[in-house]
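Numbering (the UniProt record's numbering), first residue to last: 1 to 125.
Put into structure tokens, the structure is as follows:
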């Protein structure tokens, strides 16, 4: 098999309202819209730095059967990002910046559709 270089993974997150999800990511998390399929989108891509996330509409009537993913996003300075996001009112009351047993410092937040985003930095060797 020839050597292949894997370059990125682009998670596709479920959304009941893609337009509202786009607004959350753009207004609160400083993402930009890469593309959307219509003015009232059912599929879109948002991007910040080298991270691209896709958002896909799911019918609210089947929402209880849609699994909510947890995606992990590596960042250079998780403490700085935490301080930027903290005053925006997007954290749950128990959100903290914490060190893990597996060598990361991290925090998580939920988007409006209940998808968990965990931002982390490695603690070092």
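Virtual Cβ for every residue (Gly too), placed ideally from N, Cα, C.
Exposure label - residue i; buried when at least 16 CB within 10 Å
i: residue 79; result: exposed
i: residue 67; result: exposed
i: residue 113; result: buried
Distance, residue j Cα to residue i Cα
i: residue 98; j: residue 120; result: 10 Å
i: residue 116; j: residue 103; result: 20 Å
i: residue 94; j: residue 11; result: 26 Å
i: residue 23; j: residue 47; result: 13 Å
i: residue 86; j: residue 100; result: 20 Å
i: residue 89; j: residue 5; result: 39 Å
i: residue 26; j: residue 34; result: 11 Å
i: residue 8; j: residue 72; result: 13 Å
Which listed residue (the options) has its alpha carbon closest to that of residue i
i: residue 75; options: 49, 88 and 60; result: 49
i: residue 123; options: 77, 113, 114 and 91; result: 77
Beta-bridge partners of residue i, as assigned by DSSP
i: residue 57; result: 15
i: residue 43; result: 56
### Message
Suppose only complete runs of 4+ residues qualify. What are the alpha helix (DSSP H) ranges in the region 77-121, listed by chain order?
### Response
78-85
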